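> My questions will all concern the structure given below.
In this note's numbering, the protein residues as written are 99 to 459.
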């Protein structure tokens with residue numbers, strides 16, 4: 099994510115084309131996690147599905163090396179992300195089930211994904227200061243291969259099918275006003291991240307930051323996220339989900355305003371990046387607990403898929419695409435101010451309707 103928009107810019111694509119291609123990464127999250135989550139809930143074979151997604155996604159990524167132009171690359175990214183975006187929601191369910199009743203420690207497991215992000219982003223940023231941006235796909239191939247291989251080390255679960263008659267319908271759960279508020283808040287959150295994931299690197303490059311500095315700034319945000327994950331179980335014991343959500347939404351609004359106006363001041367930009375602990379870490383961590391509380395065991399996979407599809411998928415795609423129009427017409431700062439506006443609406447929604455989830459049985 100930190101370098102893909104720069105890679106697309108180096109290949110000569112316009113800002114609107116870059117925004118469309120980046121939106122594709124989010125768009126398949128609308129369909130893929132729901133389909134794969136439904137299959138996982140029905141068959142109980144989530145580990146096998148994760149393996150299939152990792153291998154098929156890595157194979158589809160090879161299409162990036164073909165000189166296919168804009169529409170060809172669009173098709174390649176659609177195919178790649180259809181498999182790729184199915185992995186994480188399934189893995190979340192596998193992780194929480196494996197932890198049993200010790201789910202408050204989820205953050206300490208999840209932080210290792212953040213560690214991997216920091217190491218890869220810093221390392222690739224250093225390499226891209228030495229190599230052309232067009233070498234980026236070659237640097238990613240070993241990572242995709244490693245992920246595919248690592249899925250083979252996960253113990254396969256015993257297949258269990260979901261009972262035909264379960265307590266509480268999925269439709270009734272989703273229709274709950276607090277659940278609707280939860281989804282609306284998270285959709286707006288991901289809409290606001292559209293400018294960040296699509297144009298943050300381009301924004302910094304225009305301000306004179308080199309590739310390594312850009313990578314380190316991305317990594318700083320994820321490092322702050324790690325610290326948050328380590329202590330998240332303590333926050334959940336001291337504060338309600340509603341209190342954490344409102345605080346995180348307000349800090350996210352502040353973060354986008356700071357990136358829009360003071361990115362040229364390194365100290366303030368560092369502070370803004372540390373707020374990633376709120377804009378992603380805190381809100382994602384409470385969302386996992388929220389979904390488990392409301393959707394329970396029988397609908398957990400589909401609940402996780404809905405969360406991924408509606409928020410990261412639809413919200414992220416709309417945010418990326420809209421930010422492309424704003425950047426193309428006005429530049430990057432107004433796009434981040436639009437992100438701040440989305441978070442102002444999210445704060446009102448959360449304040450009025452968001453309530454703590456029930457504790458799962």
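Ideal Cβ placement from N, Cα and C applies to all residues, glycine included. Note that the structure is a prediction, hence the values are computed from the model and not measured.
CA-CA distance, residue 224 and residue 267?
Residue numbering aside, residue 224 sits at position 126 when the chain shown is read from its first letter. Residue numbering aside, residue 267 sits at position 169 when the chain shown is read from its first letter. Approximately 51 Å, taken between the alpha carbons.
> How would you call residue 101, buried or exposed, if buried means at least 16 neighbouring beta carbons within 10 angstroms?
Residue 101 sits at position 3 when you count from the first residue of the chain shown. Classification for residue 101: buried.
> Would you call the CB atoms of residue 316 and residue 219 closer than 8 Å?
Position 218 of the chain shown, counted from the first residue, corresponds to residue 316. Position 121 of the chain shown, counted from the first residue, corresponds to residue 219. Contact: yes.
> Quick one: grab the DSSP three-state call for residue 307.
As a first step, residue 307 is located in the chain shown; it is residue number 209 there, counting from the start. Coil, per DSSP.
> If you run the structure through DSSP and keep just helix, strand and coil, what is residue 325?
As a working note, residue 325 is residue 227 in the chain shown. Here residue 325 sits in helix by DSSP.
> Hey, does residue 250 have any beta-carbon neighbour from chain C nearer than 8 Å?
The chain inventory of the structure shown lacks chain C, comprising one protein chain alone.
> Does DSSP put residue 250 in a helix, a strand or coil?
Residue 250 sits at position 152 when you count from the first residue of the chain shown. Looking at residue 250 - three-state DSSP - the assignment turns out to be coil, as it is neither helix nor strand.
> In angstroms with no decimal places, state the Cα-to-Cα distance between residue 118 and residue 425.
Numbered from its first residue, the chain shown carries residue 118 at position 20. Numbered from its first residue, the chain shown carries residue 425 at position 327. Rounded to the nearest angstrom, the two C-alpha atoms are 13 Å apart.
> Which residues bound the alpha helix (DSSP H) around residue 422?
Taking the first residue of the chain shown as position 1, residue 422 is located at position 324. Element bounds for residue 422: 414-428.
> Looking at the structure shown, is residue 264 part of a helix, part of a strand, or coil, going by DSSP?
Here residue 264 refers to the residue found at position 166 of the chain shown. Confidence at residue 264 is low in this model, with a pLDDT of 48, below 50, so the placement of that residue should be treated as unreliable; the coordinate-derived value is given next. Coil.
> Indicate whether residue 149 and residue 302 have their beta-carbon atoms separated by less than 8 Å.
Counted from its first residue, the chain shown places residue 149 at position 51. Counted from its first residue, the chain shown places residue 302 at position 204. Not closer than 8 Å, so no.
> Please state whether DSSP places residue 404 in a helix, a strand or coil.
By 1-based counting over the chain shown, the position of residue 404 is 306. Helix.
> With H, G and I counted as helix, E and B as strand and the rest as coil, what does DSSP make of residue 331?
As a first step, residue 331 is located in the chain shown; it is residue number 233 there, counting from the start. Helix.
> Counting along the chain, where does the alpha helix (DSSP H) carrying residue 126 start and finish?
Here residue 126 is taken as the residue at index 28 of the chain shown, counted from 1. Residue 126 -> no alpha helix (DSSP H), and no H or E assigned at all.
> What does a CB cutoff of less than 8 Å around residue 400 pick up in its chain, not counting 5 residues either side in sequence?
Residue numbering aside, residue 400 sits at position 302 when the chain shown is read from its first letter. Excluding sequence neighbours, residue 400 sits near 132, 135, 136, 139, 268, 393.
> Under the rule that 16 or more other beta-carbon atoms within 10 Å means buried, what is residue 273, buried or exposed?
Position 175 of the chain shown, counted from the start, is the residue given in the question as residue 273. The residue is exposed, with fewer than 16 neighbouring Cβ atoms inside 10 Å.
> For residue 106, which three-state DSSP category applies?
Working through the chain shown from its first residue, we reach residue 106 at position 8. Three-state DSSP puts residue 106 in a helix.
> Leaving out five residues on either side along the sequence, give the residues of the same chain with a beta carbon under 8 Å from the beta carbon of residue 285.
The residue you call residue 285 lines up with position 187 of the chain shown. The residues are 408, 409, 412, 413.
> In chain order, what residues of the same chain lie with their CB nearer than 8 Å to the CB of residue 176, ignoring the 5 residues before and after it?
Taking the first residue of the chain shown as position 1, residue 176 is located at position 78. Closer than 8 Å at Cβ, skipping near neighbours: 122, 125, 126.
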